[in-house]
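S.K.:
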Amino acid sequence: MCGVLRFACLFMALLLLCGCSADKRQLENLGFTNSISYDLYTEEDNEERKLLVTTSVPNIGTKTGKQREVLTAVTQSSKQAWVKLSRQTGRILVNGQLRNALFGMELAAEGLMPHIDTLVRDPSIGQRVNIIIVDGKASELLKKDFPDEPPTGQYIYDLLEKEEKHNSIPDIAIYSFARDLMDEGIDPVAPIIKMNKDHLMIDGIALFGDDRYRTKVSFKDALIFAGLRGDLNQGELNVDFKDANEIESVTLSSVIGRRMVKVKRVQNGEIKVLLGLHFKGSVLEYIGSRELNDTKDIAFLEGQLSDYLQDEAMKLIRHMQTNQVDSLGIGQHVRNSMRYKEWNSLDWKEAYAGADIECSVKVTIINTGKFQ
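Read in order, the letters of the sequence shown are residues -22 to -1, 1 to 350 in mature numbering (1 follows the signal peptide of the UniProt record, and there is no 0).
1) Suppose the cutoff is 6 Å on Cβ atoms and the five residues either side in sequence are ignored; what does the same chain contact list for Thr346 look like?
2) For Gly247, does the count of other Cβ atoms within 10 angstroms reach 16, so buried, or fall short, so exposed?
3) Look up Ala151 in the DSSP assignment and say whether it is helix, strand or coil.
4) Do you know how far the Cα of Lys198 is from the Cα of Pro36?
5) Under the rule that 16 or more other beta-carbon atoms within 10 Å means buried, what is Tyr330, buried or exposed?
6) Which first and last residues belong to the alpha helix (DSSP H) in which Met83 is found?
7) What residues are listed by DSSP as bridge partners for Pro169?
8) For Asp334 versus Val251, is the C-beta distance shorter than 9 Å?
9) Considering Asp285, what are the terminal residues of the alpha helix (DSSP H) in which it resides?
10) To which residues does DSSP link Arg237 through a beta bridge?
11) Less than 9 Å between the C-beta atoms of Thr53 and Thr32, yes or no?
12) Could you give the distance in angstroms between the alpha-carbon of Gln105 and the alpha-carbon of Gly74?
13) Taking all protein chains shown into account, decide if Tyr16 is buried (16 or more other Cβ within 10 angstroms of its Cβ) or exposed.
14) Under 9 Å between the Cβ atoms of Ser284 and Val239?
15) Starting from the Cα of Val72, find the closest Cα among Ser227, Val341, Ser102 and Leu80 and give me that residue.
16) Assuming Ile111 contacts Met83 (C-beta within less than 8 Å), just tell me the rounded distance between them.
17) Taking the straight line between their C-alpha atoms, what separation do you get for Ile70 and Ser64?
18) Taking the straight line between their C-alpha atoms, what separation do you get for Pro166 and Val303?
19) Nearest CA to the CA of Leu76: which residue from Ile152, Ile170, Gly332 and Ala168?
20) Gly235: buried (16+ other C-beta within 10 angstroms of its C-beta) or exposed?
21) Expressed to the nearest angstrom, what Euclidean distance is found between the alpha-carbon atoms of Ile150 and Glu263?
22) Would you mind listing the beta strand (DSSP E) stretches within the segment 198 to 234 that are 3+ residues and don't spill past its ends, in chain order?
23) By DSSP, does Leu306 sit in helix, in strand, or in coil?
24) Considering just the uninterrupted stretch of the alpha helix (DSSP H) at Ser56, what are its terminal residues?
25) Between Asp176 and Phe124, what straight-line distance do the alpha-carbon atoms span, to the nearest angstrom?
26) Report yes if the CB atom of Ser13 is closer than 9 Å to the CB atom of Ala79, and no otherwise.
27) Ignore the nearest five residues each way along the sequence and tell me which others in Ala291's own chain have a CB closer than 8 Å to its CB.
28) With a CB to CB cut of under 7 Å and the five nearest residues on each side skipped, what residues in its chain are close to Ile147?
29) Would you mind reading off the limits of the beta strand (DSSP E) that contains Pro102?
30) So for Glu162, helix, strand or coil by DSSP?
31) Can Glu214 and His144 be called in contact, C-beta distance under 9 Å?
32) Verify whether the separation of the beta carbon atoms of Tyr286 and Val195 is less than 9 Å.
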């Protein structure tokens, strides 16, 4: 009886080992793409524009000694690219782990709709894929290895995830981009990254008119832009301004922002939009002559911050109107203020450029650390 039990246990163990070995071999045969890039490509002796597609595939369970495999293809479309990419590797390429979709600036200016549509339609690709614009060639950035950082695909993902949590960049998921792209009342946005020697850095926020890149918001204005676009739950705000002949510097941490939008019709029927922003935060650092244990000085500082941020917010709004990009979703509020027939007959793109949009900003300092 004991011999039979021993034999049965040995047989089960062998089955498990064989199963694990088979699973391991199957995983080794799969290439889980985690990043893909798209660029315009023009051959020297041919003016025809094509698509340069590059993908990064981590080496899991292989003995190559390299962290990842980089594949590149030049084609007419992104779907054709997958066929060419697959023929360059002994592994089966799968998209289920795709995290980053990078687009070169030149391609973004031409329009991203065909490529976004292809990604959204692929059932194997999740809705949390990051849409990223690269200042320069996206392929060159994706190919580069950064010695002091994780593999490039993971490095990009970690960098953007951190900044999104701190409201330095907006929601960058393909779901959000595609949703805004199809909505007549708002235009999509995406972060811009670029290479800075041996590191990557965020270079601002790309603003789109429909599916085409039009202009950008600099990184220093990212939190103000985030407040204009919607509510904030966490952030850090750095402000330098001049008071008399003195330069003052304030850093607010744990910033909470609330946005209010009102749409009015003036007597001639034109649209007037009022934006109200309220920022609350704690003073993390202050350089200047004010005494932060004095309530009058705190009130004065709140006023200075409010005036400065209001001026910067209005500059951003005018910049967006000039470039005809409704990145703040003003059109959604205008649409909600009127009947469908009226909205349907309105050329919002044209109306938006000349709309009367005003913004007021209030800053409240919650505490000043040891001097609260």
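Every residue gets a Cβ at the ideal spot worked out from N, C-alpha and C, and that includes glycine.
Note that the coordinates shown come from a computational prediction; the quantities given were computed from them, not determined experimentally.
M.R.: Considering the structure as presented:
1) Excluding sequence positions up to five before and after Thr346, its CB lies within less than 6 Å of the CB of Val261 and Leu270, all in the same chain and listed in chain order.
2) It is exposed - the Cβ of Gly247 has fewer than 16 other Cβ atoms within 10 Å.
3) In the structure shown, Ala151 sits in a strand (DSSP, three-state: E or B).
4) Whole-angstrom Cα-Cα distance: 34 Å.
5) Under this definition Tyr330 is a buried residue.
6) Where Met83 is concerned, the enclosing alpha helix (DSSP H) stretches over Met83 to Glu88.
7) Ile183, per the DSSP bridge assignment.
8) Result yes, Cβ atoms of Asp334 and Val251 sit closer than 9 Å.
9) Boundaries of the alpha helix (DSSP H) around Asp285: Thr273 to Thr300.
10) When DSSP reads this structure, Arg237 sits in a beta bridge with Leu255.
11) The criterion of a C-beta distance shorter than 9 Å is not satisfied by Thr53 and Thr32.
12) Their backbone Cα atoms lie some 11 Å apart in a straight line.
13) That one is buried.
14) For Ser284 and Val239, no; Cβs fall outside 9 Å.
15) Relative to Val72, the option among Ser227, Val341, Ser102 and Leu80 whose CA is nearest is Ser102.
16) In this structure Ile111 touches Met83 by the C-beta definition: roughly 6 Å separates them, less than 8 Å.
17) Annotation: Ile70 to Ser64 spans about 7 Å, alpha carbon to alpha carbon.
18) When the Cα atoms are used, Pro166 and Val303 turn out to be separated by approximately 9 Å.
19) For Leu76, the nearest C-alpha among the options comes from Ile152.
20) So Gly235 ends up on the buried side.
21) Approximately 30 Å between the Cα atoms of the pair.
22) Secondary structure within the segment 198 to 234: the beta strand (DSSP E) runs of 3 or more consecutive residues, fully enclosed, are 215 to 221 (chain order).
23) DSSP, read as helix, strand or coil, puts Leu306 in coil.
24) Residues Ser56 to Ser64.
25) The alpha-carbon separation between Asp176 and Phe124 amounts to approximately 6 Å.
26) Yes, these two residues count as a Cβ contact at 9 Å.
27) Ile202, Gly205, Leu206, Leu253, Leu255, Cys337 and Val339, listed in sequence order.
28) Annotation for Ile147: Leu138, Glu141, Pro169, Ile180, Ile183 and Ala200 place their beta carbon closer than 7 Å to its own, counting only its chain and skipping 5 residues before and after.
29) According to the sequence as given, residue 102 is Ser; it is not Pro. Per DSSP, Ser102 lies in no beta strand (DSSP E) and is assigned neither H nor E.
30) Taken through DSSP and simplified to helix, strand or coil, Glu162 comes out as coil.
31) Result yes, Cβ atoms of Glu214 and His144 sit closer than 9 Å.
32) The Cβ-Cβ distance between Tyr286 and Val195 does not fall below 9 Å.
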